[in-house]
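Chains as they are written, first to last, in our numbering: chain A, 3 to 147; chain B, 349 to 721; chain C, 21 to 341; chain D, 2 to 151.
All C-beta atoms in this analysis are idealised placements derived from N, C-alpha and C, irrespective of residue type, glycine included.
Single-structure report; data block below.
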Amino acid sequence: MINRVKNFGIGAWSLIKGLAVTLKYCFKPAVTLQYPTQKLPMTERFRGLVGLRPEKCIMCYQCVKICPTGCLAITHKQEDKKKTLETFKYNMELCCFCGLCAQVCPTSAIIMTDIYEITVYDRKKLAINLLDPKKYDEWTGATIK
Amino acid sequence: MDTQQTKDIYTEEFLMNMGPQHPSTHGVLSLELKLDGEFIRECTPHIGYLHRSMEKIAENRTYTQFIPFTDRLDYVASMNNNLAYVMAVEKLLNLELPERAKYIRIIVAELNRVASHLVAVGTFAQDLGAFATPLFYCFREREKIIDIFDQICGNRLTYNYIRIGGVQFDLPAGVDEKVKEFVKYMRPKVDDYDRLLTYNTIFLARSKDIGVLPREMAINYSVTGPSLRGSGVKWDLRKDEPYLAYDKFEFDVPVGENGDAWDRYKVRVEEMRQSLRIVEQAINTLPEGDPTVRVGRVIKPPPSEVYCRTENPRGELGFYVVSDGSVYPYRLKIRSPSFSNLAVVPELVKGLKVADIVCVLGSFDIVLGEIDR
Amino acid sequence: MMLSILDIIVLLLIGLAVVGFIAASAMFLIWWERKVSAHIQSRLGPMRVGWHGVLQSIADAVKLLLKENIIPAGADKLVWWLAPFFAVVPSVMVFVAIPFGKNLIVKDLNVGILYIMAVSSVCVLGIFMAGWGSNNKYSLLGGMRSAAQIISYELPLILSMIIVAMHAGSLSMQKIVAAQSGYWYILHPTMTLAFVVYMIAATAEVNRVPFDIPEAESELVAGFHTEYSGMKFAMFFVGEYTNVFLISAIATTLFLGGWHGPILPPALWFLIKTYGIVTVLMWVRWTFPRVRVDQLMGFAWKVLTPVSFLNLAVTGWLLLK
Amino acid sequence: MRPDEISGIIRTKFPQVTEEAGTNHLIAAKESLLEVAQYLRNPPLALDNLHCITAIDRKEKMELVYTLYSIVERHGVTLKVCLTPQDLNVASLAALWKSANWLEREVYDLFGITFSGHPDLRRILNPYDWKGYPLRKDYSDPQLIAKPRL
Chain A
3 MINRVKNFGI GAWSLIKGLA VTLKYCFKPA VTLQYPTQKL PMTERFRGLV GLRPEKCIMC
63 YQCVKICPTG CLAITHKQED KKKTLETFKY NMELCCFCGL CAQVCPTSAI IMTDIYEITV
123 YDRKKLAINL LDPKKYDEWT GATIK
Chain B
349 MDTQQTKDIY TEEFLMNMGP QHPSTHGVLS LELKLDGEFI RECTPHIGYL HRSMEKIAEN
409 RTYTQFIPFT DRLDYVASMN NNLAYVMAVE KLLNLELPER AKYIRIIVAE LNRVASHLVA
469 VGTFAQDLGA FATPLFYCFR EREKIIDIFD QICGNRLTYN YIRIGGVQFD LPAGVDEKVK
529 EFVKYMRPKV DDYDRLLTYN TIFLARSKDI GVLPREMAIN YSVTGPSLRG SGVKWDLRKD
589 EPYLAYDKFE FDVPVGENGD AWDRYKVRVE EMRQSLRIVE QAINTLPEGD PTVRVGRVIK
649 PPPSEVYCRT ENPRGELGFY VVSDGSVYPY RLKIRSPSFS NLAVVPELVK GLKVADIVCV
709 LGSFDIVLGE IDR
Chain C
21 MMLSILDIIV LLLIGLAVVG FIAASAMFLI WWERKVSAHI QSRLGPMRVG WHGVLQSIAD
81 AVKLLLKENI IPAGADKLVW WLAPFFAVVP SVMVFVAIPF GKNLIVKDLN VGILYIMAVS
141 SVCVLGIFMA GWGSNNKYSL LGGMRSAAQI ISYELPLILS MIIVAMHAGS LSMQKIVAAQ
201 SGYWYILHPT MTLAFVVYMI AATAEVNRVP FDIPEAESEL VAGFHTEYSG MKFAMFFVGE
261 YTNVFLISAI ATTLFLGGWH GPILPPALWF LIKTYGIVTV LMWVRWTFPR VRVDQLMGFA
321 WKVLTPVSFL NLAVTGWLLL K
Chain D
2 MRPDEISGII RTKFPQVTEE AGTNHLIAAK ESLLEVAQYL RNPPLALDNL HCITAIDRKE
62 KMELVYTLYS IVERHGVTLK VCLTPQDLNV ASLAALWKSA NWLEREVYDL FGITFSGHPD
122 LRRILNPYDW KGYPLRKDYS DPQLIAKPRL
């Protein structure tokens, strides 16, 4: 009977210690951000949407080959030894933001921007052409580093 | 229960479906419970809702292309998945790694173990009814680790950081300060969890002697990781079959006594402390040099088979890779720890109450991405 | 005795005042709980609707009003429809006997405590009907658990109230408060034990953690109010917060000297003490895990009830000595 | 004990168990699998933990690889069994190691190898009424979009 009361005492004391922990954190400042107004700045290596600097692209197709989910597709015109880019299809729906294309590109024409808010109302808008300059205006201004 | 008095009362067991969409099945797992009032007579799990047939995908991807897929296996500890897969391929190529690459991999894997255990501890407390408060504390600490990973490799959950032959980038400038500061910040927090949860009398009442897993049954079902150590089996790959540079650090392996839910939880809390010790020792003695070995862009391992396993936060994740000399692996088998850990749950749960199945399931800390592959 | 028109109007006005106070206090408590729980969990809580989210409860109420009224298939229509009323109406009826100030009381019944206990035990019917009527296995389990829990915690509750009545020598709430003018009952040794037993039993009575088995989120999805949405869910929600206010109000009246207090007006003292106890209940709610059903029942019958009977005997012996 | 010691002990006990060239994987015949497994399970080698079962579809034959470990003795053995595509059936080891129950169900589900003596051989990962065995090399499915080979 005695140790039942003793256990009861230890139990009650452990409850009070638990309350003390929550009380301690009750008066500490909050760690959360108010999302739409305050946004977390993305780090320098952050892998968001794929961005392109068309002038640097040498059409070596390395990025198309390495992409695990096959979301890049390039067509180019070849006139007497001079290759010009025609279309650079990028399908955001399949992209898994792994960063392999940006790592394998020899001239770092293709890079990962820091846009992560990708929401569309119509699925077809997820497949975009990286060549036209207005591609990311819909989401906050494109910050191609 | 079947005295004369209850013989003539017609009672009937009813079938209750728990999942696949349920607050505490830790993913898309469906448990079919045959209930007699509150008591569970039988429990049959149905899995496969998240089956993406990773092994078939692996046969159509080159060795480097499959690394982002390993992130999606145990999505709570994706660094450790990368590590296991990449070590298997390096064993195929029998590649020798520079010291710095080993140390960086250990730091990153152990930090990810702390983050994964934080999720496990938070959701286990949530399952037992401590609504949201411990979970928020654990996620507040986990956020600090995610920031460090964000700085190192650029992503917050699916890191894709470890490459065949080393790591993708070297550690950025200020990271070792941040890691040391995190370790100092995290130690008192783990003591907080002890005060808030581990010795709380209601927490003890809910998880002591629930779902007791004896030693032999644990080994027989090949349960691995903290759930095995909770049953008193001192088996940790980092100590018994040291890979990378684990033999250079001293840490001890926490072991539970009678293998109930509380012991498994206690082992995880203890392991967080040990992982912090490893990270501290690794970051202090980080060697200089280039963390990657030059491996050609096209990786064609010689035709052979290899099995390599590492100590994941949930157990031993093994990769059996068969290569036939081409760029694609011929067969890639993923031995997932949660798959075998889940196989024990129906055995342990017979006769317990509905509230206990949630406790036992939470104490095994399963992740369905890894089970269904 | 025929009620003249004037009496009826006065009664209606009083009724309106009470219901208005209940709605306002429920709204305030919902907002207050979200802020307290937020700061405990080192986050900010509602911040967008009004200064520090003050209008958040109103926004929630409007949202719930606009929700579609879904009746689950195969539900026992009448029982399911009636359940919210049975959960809320008894709580409102209890407000008759709560003394807010010197003469700020609807009707000073001389059987105050008896009336309160009789009326508030009807709540369990509402929860049980909700569990049974929703034709959902989770709700059924939740309803069964709530019936067992509330009935078995009523005994220690009544016993601790009787101990106070014995000391005060009357059942009427005003007389109990009057008896405590100089000397709060909580300071008396047997009364402190009764206060502790009362608080534990009262937390179980209103299904708050660590005894919130009937609507255990992590096991029974949402327990008895799984199938309720819109205004019906809002009624359960308001009912729960009114009950929390009630048990704190009764606790202040019986143990903390009701509206007695040095300089501030009596009604303000009453509210300060009541909301103080409610904040402690919230603090407890966001710290402890949930007890299992059989432990809960065991605790009620094997610990609380014997302790209350012992306390009763000791009080009787003390008073008669 | 070192791997070659272990294979030495086993091969002395079971002459028909051969060793694969290079690696020290042991290859046992289909019929003697249960008997060899029984021996491995008991004390001299005490392999108490069937870690993983891998099936490899080599087109002309199907290989089953049992990875066994012993926590007591801290050593491991890899046992292989070759099956001809005609009769994809082998004795189930669920009686010896309980982990084999789910592992064999997964191999049955993805490769179609039936295990005689298994408590309840059902599909585990795919829907129960799925046609065909996905991980076989000759498995083709109209919706399966093969990634363009390099």
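{"Item": "C-beta neighbour in chain B for L324 (chain C), strict 7 Å", "Value": "no"}
{"Item": "Where the alpha helix (DSSP H) through P621 (chain B) begins and ends", "Value": "According to the sequence displayed, residue 621 (chain B) carries Arg and not Pro. From DSSP, the alpha helix (DSSP H) with R621 (chain B) extends over 609–632."}
{"Item": "Bridge-paired residues (DSSP) for E88 (chain C)", "Value": "Per DSSP, none; premise fails for E88 (chain C)."}
{"Item": "Chain D contacts from the segment 587–606 of chain B (Cβ-Cβ distance under 9 Å)", "Value": "D588, E589"}
{"Item": "Nonlocal neighbours in the same chain, by C-beta distance under 7 Å from I133 (chain C), ignoring five residues either side", "Value": "M181, A185, L191"}
{"Item": "Closest residue to R453 (chain B) among B:I395, B:I405, B:H399, B:Q516 (Cα-Cα distance)", "Value": "B:Q516"}
{"Item": "Stretch-stretch touch, CB-based, cutoff 8 Å, three pairs: the segment 81–91 of chain D with the segment 110–119 of chain D", "Value": "yes"}
{"Item": "Sequence-distant residues of the same chain with beta carbon closer than 6 Å to S686 (chain B), five excluded per side", "Value": "R662, I714, V715, E718, I719"}
{"Item": "Assigned secondary structure, H245 (chain C) (DSSP; H/G/I helix, E/B strand, else coil)", "Value": "helix"}
{"Item": "Alpha-carbon to alpha-carbon, E57 (chain A) and L709 (chain B)", "Value": "55 Å"}
{"Item": "Inter-residue spacing [alpha-carbon to alpha-carbon] between I34 (chain C) and V126 (chain C)", "Value": "7 Å"}
{"Item": "Contact set between the segment 45–57 of chain D and chain B, restricted to residues whose Cβ is under 9 Å from the partner", "Value": "D49, N50, L51, H52, C53, I54, T55, A56, I57"}
{"Item": "Three-state secondary structure assigned by DSSP to L17 (chain A)", "Value": "helix"}
{"Item": "Three-state secondary structure assigned by DSSP to K81 (chain D)", "Value": "strand"}
{"Item": "Against chain C: residues of the segment 689–715 of chain B by CB proximity under 9 Å", "Value": "K701, V702, A703, D704, I705, V706, C707, G710"}
{"Item": "The segment 505–524 of chain B contacting the segment 406–415 of chain B, beta-carbon criterion three pairs below 8 Å", "Value": "yes"}
{"Item": "Segments assigned alpha helix (DSSP H), at least 4 residues, entirely inside the segment 425–511 of chain B", "Value": "426–441, 447–475, 481–501"}
{"Item": "Closest by C-alpha distance to A101 (chain D), when choosing among B:V571, B:V706, B:G375", "Value": "B:V571"}
{"Item": "Assigned exposure category for Y507 (chain B) - 16 Cβ within 10 Å defines buried", "Value": "buried"}
{"Item": "7 Å Cβ cutoff met for D742 (chain B) and G578 (chain B)", "Value": "In this structure chain B extends from 349 to 721, so residue 742 (chain B) is not present and cannot be described."}
{"Item": "Own chain partners of V364 (chain C) with C-beta closer than 6 Å, once the 5 adjacent residues on each side are dropped", "Value": "Because residue 364 (chain C) is not part of the residues shown, which for chain C are 21 to 341, the question remains open."}
{"Item": "Pair within 7 Å by beta-carbon distance, F1 (chain C) and P230 (chain C)", "Value": "There is simply no residue 1 (chain C) to check, as chain C begins at 21 and stops at 341 in what is shown."}
{"Item": "Distance between A406 (chain B) and Y676 (chain B) (C-alpha atoms, nearest Å)", "Value": "8 Å"}
{"Item": "Beta-carbon proximity of N503 (chain B) to R49 (chain A), cut-off 7 Å", "Value": "yes"}
{"Item": "Cβ neighbours of T55 (chain D) in the same chain (closer than 7 Å, five flanking residues each side left out)", "Value": "V66"}
{"Item": "Residues of the segment 297–309 of chain C whose Cβ lies closer than 9 Å to any Cβ of chain B, in chain order", "Value": "R305, W306, T307, F308, P309"}
{"Item": "Sequence-distant residues of the same chain with beta carbon closer than 7 Å to F722 (chain B), five excluded per side", "Value": "Outside the displayed range of chain B (349 to 721) lies residue 722 (chain B), so it cannot be described from this structure."}
{"Item": "CB contact check: K681 (chain B) to chain D, cutoff 7 Å", "Value": "yes"}
{"Item": "Three-way DSSP call (helix, strand, coil) for D384 (chain B) in this model", "Value": "strand"}
{"Item": "Own chain, CB closer than 6 Å to M366 (chain B), minus 5 neighbours either side, in chain order", "Value": "L379, L381"}
{"Item": "Given 8 Å, three or more beta-carbon pairs between the segment 293–304 of chain C and the segment 266–285 of chain C", "Value": "yes"}
{"Item": "Chain-ordered neighbours of R49 (chain A) on chain B, where CB pairs are closer than 9 Å", "Value": "C501, G502, N503, N508"}
{"Item": "Proximal chain B residues relative to V52 (chain A), where beta-carbon distance stays under 7 Å", "Value": "Near V52 (chain A) there are no residues of chain B at all, since even the closest Cβ is about 13 Å away, more than 7 Å."}
{"Item": "Straight-line Cα distance separating S426 (chain B) from P44 (chain D)", "Value": "38 Å"}
{"Item": "Members of the segment 445–476 of chain B near chain C, C-beta cut-off 7 Å", "Value": "A473, Q474, D475, L476"}
{"Item": "Closest by C-alpha distance to L316 (chain C), when choosing among C:L301, C:R63, C:R228", "Value": "C:R228"}
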